[in-house]
Amino acid sequence: MCRLLGYATAGANTSLAAVLGQPAVDEFRELSEIHNDGWGVGLLSKPVEPPYTRDGGAPAPETGVQLYKSTVAARYDSVFPDFANAPARGALWHLRLASSNLPLILENQQPFYANGLTFIHNGDISDEHGVNIVNNRSYPVNQGAFLATGGQSDSAIFFSVILEFIGFGFALDEAVAQAVRQLRQTYPKSSYNCMIQSEDQFIALCAAGREVTSERIVEVYDRYGRGEQAHDYRVLRYRSLDGSAIDDRGAGKGGVVVASSGFEQSEADGWTRLNNDEMIVASNRTGTFRVRSI
341 MCRLLGYATA GANTSLAAVL GQPAVDEFRE LSEIHNDGWG VGLLSKPVEP
391 PYTRDGGAPA PETGVQLYKS TVAARYDSVF PDFANAPARG ALWHLRLASS
441 NLPLILENQQ PFYANGLTFI HNGDISDEHG VNIVNNRSYP VNQGAFLATG
491 GQSDSAIFFS VILEFIGFGF ALDEAVAQAV RQLRQTYPKS SYNCMIQSED
541 QFIALCAAGR EVTSERIVEV YDRYGRGEQA HDYRVLRYRS LDGSAIDDRG
591 AGKGGVVVAS SGFEQSEADG WTRLNNDEMI VASNRTGTFR VRSI
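Counting from 341, one number per residue, gives the positions in the sequence shown under our numbering.
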């Protein structure tokens, strides 16, 4: 049960601080008062060094990839501001509140990274009795894909199902949609809000089994005196990065940022709610994006 944030630019390296503005970055970071089970970030950038340069080792990459994960809450981690000011053409940010008492170990921190893909998830994939999918020995998990994620959590299983559908030949957005359809056959009420990025694309999905916030989440937020922030807990909103208009189909250009609720996201500032069972499909090279259903 986490907070998600991601963006894709029109191919230009841009920092989170430039995308949101410093006050919103501070608000997002402060959510780790509640989502205090660690945090992580995955950045894609256009390297300073020309791609494919041979300097004695492997050729310089066409895309630079940075991945950082910590079991320390973001509000206490001194490197958070450095990453918030690091330029990237695509980025995923994750503040963790561990689900179903899963262990607070580095392997379960997100983003997960495998096969050139960075992945983050907000949800607790459990049955009606509260038994998490990691304890369901009968659920068919592709062990090769699961091991590739490096994780041991329900989110890692979700990612592994996506990887499996990619292996079947599905495009990235459809692989995410297929994974949700499969998991919902056993776990229809779980939340599958997630974000995933490749070197070319950024996907953000809103797929909450229960749109009404669970009592447990309300209780957690109330404990910190922030219960008013829990009512739209599973909501994702998006806006274009360059301030250009989003058409009536939800499409746009110039890049896009998508975020969980929890900090100021007003319509006046261009934020639009992503409906349940819809996803943003964006290019982190051209900045074009569209909305599709699953």
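For each residue, glycine too, the CB sits at the ideal point set by N, CA and C.
Next on the checklist: Can you tell me where the beta strand (DSSP E) holding I634 begins and where it ends?
Outcome noted: Counting along the chain, no beta strand (DSSP E) covers I634, and no H or E run does either.
Next on the checklist: Once the 5 residues before and after V501 are set aside, which same chain residues still bring their CB inside 7 Å of it?
Outcome noted: Setting aside the 5 residues that flank it on each side, V501 is surrounded in the same chain by A519, Q522 and L523, each with a C-beta closer than 7 Å to its C-beta; the list follows chain order.
Checklist entry - Could you give the uninterrupted runs of the beta strand (DSSP E) lying entirely in the segment 448–504, keeping only those of 3 residues or more? => result Within the segment 448–504, the complete beta strand (DSSP E) segments at least 3 residues long are 452–454 and 457–462, listed from N- to C-terminus.
Checklist entry - Any idea what DSSP makes of T430, helix, strand or coil? => result It is worth fixing the name first, because residue 430 is Gly in this sequence and not Thr. Here G430 sits in strand by DSSP.
Next on the checklist: In this structure, how does DSSP classify T628 when only helix, strand and coil are distinguished?
Outcome noted: Assigned with DSSP and collapsed to three states, T628 falls in coil, not helix or strand.
Next on the checklist: Please report the straight-line C-alpha distance between Q605 and V598, rounded to a whole angstrom.
Outcome noted: Annotation: Q605 to V598 spans about 10 Å, alpha carbon to alpha carbon.
Next on the checklist: I want to know whether the segment 375–387 touches the segment 411–427 - three or more CB-CB distances under 8 Å.
Outcome noted: Contact annotation: the segment 375–387 touches the segment 411–427, with at least three C-beta pairs closer than 8 Å.
Next on the checklist: I'd like to check one pair, A454 with V626: are the Cβ atoms closer than 8 Å?
Outcome noted: Note that residue 626 is Thr in the sequence shown, not Val. Not closer than 8 Å, so no.
Checklist entry - Alpha carbon to alpha carbon, what distance is there between R577 and L614? => result L614 and R577: Cα-Cα distance of roughly 5 Å.
Checklist entry - Taking all protein chains shown into account, do 16 or more other C-beta atoms lie within 10 angstroms of the C-beta of I445, making it buried, or fewer, making it exposed? => result The residue in question, I445, is exposed, as its Cβ has fewer than 16 Cβ neighbours within 10 Å.
Item to check | Inter-residue spacing [alpha-carbon to alpha-carbon] between G565 and E555 | outcome: Distance between the alpha carbons of G565 and E555: 15 Å.
Checklist entry - Are L435 and R343 close, meaning C-beta to C-beta below 8 Å? => result Yes, the pair counts as a contact, with Cβ atoms nearer than the cut-off.
Item to check | Span of the beta strand (DSSP E), counted from its first residue to its last, around A357 | outcome: Judged by DSSP secondary structure, A357 falls outside any beta strand (DSSP E) and instead within the alpha helix (DSSP H) spanning L356 to L360.
Checklist entry - Are S439 and Y527 touching if we call contact CB-CB under 8 Å? => result No, Cβ-Cβ distance for S439 and Y527 is not below 8 Å.
Item to check | DSSP-derived helix/strand/coil call for E618 | outcome: Look at E618 here: in three-state DSSP terms it is strand.
Next on the checklist: How far does the alpha helix (DSSP H) with L512 in it extend, from its first residue to its last?
Outcome noted: Taken as a continuous stretch (DSSP letters only), the alpha helix (DSSP H) holding L512 covers L512 to T526.
Next on the checklist: Since C546 and E618 should fall inside the 8 Å C-beta cutoff, what is the C-beta to C-beta distance between them, to a whole number of angstroms?
Outcome noted: C546 to E618, Cβ: 6 Å. Contact.
Checklist entry - Whose C-beta lies closer than 7 Å to the C-beta of G670 among residues of the same chain, with five residues either side of it excluded? => result Summary: the structure shown does not reach residue 670, with the chain confined to residues 341 through 634, and so no result is reported for it.
Next on the checklist: Looking only at its chain, what residues have a beta carbon closer than 7 Å to the beta carbon of E389, apart from the 5 residues adjacent to it on each side?
Outcome noted: Counting only Cβ-Cβ distances below 7 Å, and skipping sequence neighbours, we find A400.
Checklist entry - With S372 and A414 assumed to form a contact (beta carbons below 8 Å), what rounded beta-carbon distance in angstroms separates them? => result Sure, about 4 Å apart at Cβ, within 8 Å.
Checklist entry - What residues in its chain sit with their C-beta under 8 Å from that of F486, if we drop five residues either side in the sequence? => result Cβ-Cβ distances below 8 Å link F486 to A496, I497 and S500 in the same chain, with the five nearest sequence neighbours on each side left out; the list follows chain order.
Next on the checklist: Using DSSP's beta-bridge definition, name the partner residues of L576.
Outcome noted: Partner residues in the beta bridge of L576, as assigned by DSSP, are S600 and L614.
Item to check | Own chain partners of A364 with C-beta closer than 8 Å, once the 5 adjacent residues on each side are dropped | outcome: If we look at A364 and ignore the five residues flanking it on each side, its Cβ neighbours are F603 and E604.
Checklist entry - Whose CA, out of L503, E370 and I557, lies closest to the CA of D464? => result Ranking L503, E370 and I557 by Cα distance to D464 puts I557 first.
Next on the checklist: Based on DSSP bridge pairs, tell me the residues matched to Q529.
Outcome noted: This sequence places Lys at residue 529; Gln is not what is there. Residue pairing by DSSP places K529 in no beta bridge whatsoever.
Next on the checklist: Once the 5 residues before and after S493 are set aside, which same chain residues still bring their CB inside 7 Å of it?
Outcome noted: The beta carbon of S493 sits closer than 7 Å to the beta carbons of L442, N448 and V474 from its chain, once the five residues preceding and following it are set aside; these are given in chain order.
Next on the checklist: Taking 6 Å as the limit between beta carbons, can you name the residues of its chain near L407, skipping five residues before and five after?
Outcome noted: Only G382 and Y453 meet the Cβ criterion.
Next on the checklist: Which of the three DSSP states is assigned to V419 in this structure?
Outcome noted: V419 falls in the coil class under three-state DSSP.
Checklist entry - Unbroken beta strand (DSSP E) runs of length 3 or more, entirely within the segment 364–418: which are they? => result Runs of beta strand (DSSP E) with 3 or more residues, each lying fully within the segment 364–418, are found at 379–385 and 404–410, listed in chain order.
Item to check | Beta-carbon spacing of R630, G594 below 8 Å | outcome: Cβ atoms of R630 and G594: not closer than 8 Å.
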